[in-house]
Structure formats: C-alpha cells, structure tokens
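First comes the structure, then the notes that go with it.
As structure tokens, then:
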C-alpha cells in the first residue's frame, strides 16, 4: 500500500493521536440472487474499480493487515465516502463483514455512491437501506460527532452537494464549544490548487468534484462560511471524491486533505501531535 504520512500540530494536546484516512473503496458485489442485469453491472464496475488488480473488498483486507502490522496504535480509520459503490442488501452485507473485521474504530461519512440504491426487494425501501447505512455512522448519517476530549471529529453528509439548515445549526453548536474541529466530508471544498489536481486527474477543472458552486443553497453557503471562518474552530478538512490525493489550503491557515482511492492502495496516515 502507498502510505502518505501527515503530521498536524495542535496546541495543548496531552498525547499523540494516529488516524488512517481512506476513501472511494467502491465495494461492488452481488450474490446469485441478483438479477442478471445487476450482476453484469457489478462485473463491469469491478473491472473499473480494480486498476491495481485487486477487488475493492480485498483492499479492505489489506487495510486490516496494515493496521495489525502498524508500529503504533491506530485511534480510528476515517472513511470519507464512496466506500460502497451502491447500496444493495448483498453488497451491504459484504461491506459490513469487511467493516467489522477492521481492528480499530471506524469513523465514516457517506459519499454520493452510498445514496445509489439497487434492490429488487420491495422491502428494501430507501428508508430501510439508509437506516442500515446510518448504523455505520455513529447512528446518524447526516451529522455525527466523535469527542476526543481535546478535539472533535465531525462527520457531515455533503455528498449531494448540499447541507441542510439543521446541519448548519448542529455545526454551530459544536463550534461554540471552542474545541478544535476536524471535519470529515466526502466532497472537498473549492480551492485553486485543488482544481489543478482535479484537472490533472480528469482532464478538466470539473466543478462536480467540489462542494461550493454559485447556485448552492443559503444553508450550504452559510456552512462554507463557518468552515472557512479564520476565527472559527474548524482546523482541517478530510475528504475524498476526486480520486486523487491532494493537500492544500482551502482557507488561510486551514489545510484540506483529500484522499486518493483505497482501490488504488492509497492510505493517508495522520499523526496529530502536541504543538
């Protein structure tokens, strides 16, 4: 696996913390009960998401071995969305098996592909499937908080290029606590350096890959302003979605870390140390 090491300094920490950031695994599986058209689609998706010669779910086994062989304890894995290529009962069950096998805590926020539901079972309604997905995300896919006492990791679903007024209010509540916040999202925030990396990866500076657009809702604009506020408590953003690694400022003094896909065997090791 390709491990990129990043050190983040925070004042007044009592100890060092270690996280592994991954995204865009795109696990794509169907059992023999799936309709033929689903199985054909899954085979094609696995060809697309297996450029390194491994099935996407096999890279989760490799991540497990990386954690077990690490010379330091890993506090959590940060999963920045598109970890399943779609939701279906059989695909979810396989992903859940791999998810539960990882020997550390997992902090997970959804991507646009988790919103794609494929099911021939009428009982698997959108609400049923999303309840299952939310069980992987601290019980709530829209907004969750992991409190480490000295800082917070906040997961927000921005995978459909919008956030709600409710999500904005919840972020404000956490910011009022005054603790440093690391934000885990799927879609990264716009910056010119990020657009250059998107252009290198995709051949054009496609705004589909960034969160901020001119026609976004008022709540999303307010959310972006809160995250970018130089006096605000959001320190860094962890994201995925663009299928390329990127590290750079999204606002003055605030760094965004975008992960390349785990199916490309990319993992970012984040070490948070006392300043």
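Numbering (the numbering used here), first residue to last: -8 to 266. Glycine included, every Cβ here is placed at the ideal spot set by N, Cα and C.
Cβ pair residue i, residue j closer than 9 Å
i           : j           : result
residue 29  : residue 73  : no
residue 71  : residue 165 : no
residue 142 : residue 173 : yes
residue 86  : residue 109 : no
residue 242 : residue 192 : no
residue 50  : residue 175 : no
residue 137 : residue 98  : yes
residue 8   : residue 84  : no
residue -2  : residue 248 : no
Sheet register partners of residue i (DSSP bridge)
i           : result
residue 237 : 249
residue 265 : 1
residue 159 : Looking at the DSSP assignment, residue 159 forms no beta bridge with any residue, so it has no partner.
residue 143 : 138, 172
residue -7  : 257
residue 67  : 10, 96
Cβ distance (whole Å) where residue i is taken to contact residue j below 8 Å
i           : j           : result
residue 93  : residue 266 : Residue 93 to residue 266, Cβ: 30 Å. No contact.
residue 152 : residue 202 : 6 Å
residue 79  : residue 21  : 7 Å
residue 4   : residue 229 : Their Cβ separation, rounded to whole angstroms, is 18 Å, which puts residue 4 and residue 229 out of contact at 8 Å.
residue 254 : residue 41  : 7 Å
residue 57  : residue 124 : About 25 Å; that fails the 8 Å criterion.
residue 156 : residue 227 : Wrong, their Cβ atoms sit about 25 Å apart, outside the cutoff.
Closest residue to residue i among the options (Cα-Cα distance)
i           : options            : result
residue 122 : 233, 136, 101, 256 : 101
residue 82  : 66, 107, 58        : 107
residue 147 : 124, 162, 138      : 162
residue 52  : 103, 90, 69        : 90
residue 251 : 198, 58, 177       : 177
residue 139 : 168, 47, 199       : 168
residue 223 : 171, 9, 160, 118   : 171
residue 150 : 14, 10, 256        : 14
residue 19  : 7, 32, 9           : 32
residue 239 : 211, 209, 189      : 189
residue 103 : 210, 26, 199       : 199
residue 75  : -7, 58, 36, 204    : 36
residue 212 : 154, 46, 195, 48   : 154
residue 96  : 119, 144, 120      : 144
Would you say the stretch 203 to 221 touches the stretch 253 to 262, given that touching needs at least three Cβ pairs under 8 Å?
no
If contact is defined by three or more beta carbon pairs under 8 Å, each pair taking one atom from either stretch, is the stretch 180 to 198 in contact with the stretch 122 to 140?
no
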